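**Q** Numbering (the numbering used here), first residue to last: 14 to 79. Heads up, the beta-carbon is just placed ideally off N, CA and C, and yes, glycines get one too. Because the structure is a prediction, the values reported are computed rather than measured.
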């Protein structure tokens with residue numbers, strides 16, 4: 014099947030309305046899966062940045078208070 018350029022959101026809207034998409038539904042599923050996985054990776058990177066920003070610096074020595 015030849016590759017064609019298509020508006021992904023418009024195709025998804027067709028599916029939601031119960032209409033047949035103009036592209037192979039498997040292609041829509043594949044693209045949706047890629048978007049979800051990339052979003053998940055971005056979320057994990059953001060969480061790592063937040064955790065590292067909130068962690069105490071490794072070069073700071075904690076002295077006990079009197």
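Can you give me the C-alpha to C-alpha distance between residue 39 and residue 50, rounded to a whole angstrom?
**A** Between residue 39 and residue 50, the C-alpha separation is close to 16 angstroms.
**Q** Measuring CB to CB, does residue 25 end up less than 8 angstroms from residue 41?
**A** Yes. Within cutoff.
**Q** Using only CA atoms, which one of 76, 79, 23 and 78 lies nearest to residue 45?
**A** It is 23.
**Q** Helix, strand or coil for residue 65 per DSSP?
**A** Looking at residue 65 - three-state DSSP - the assignment turns out to be helix.
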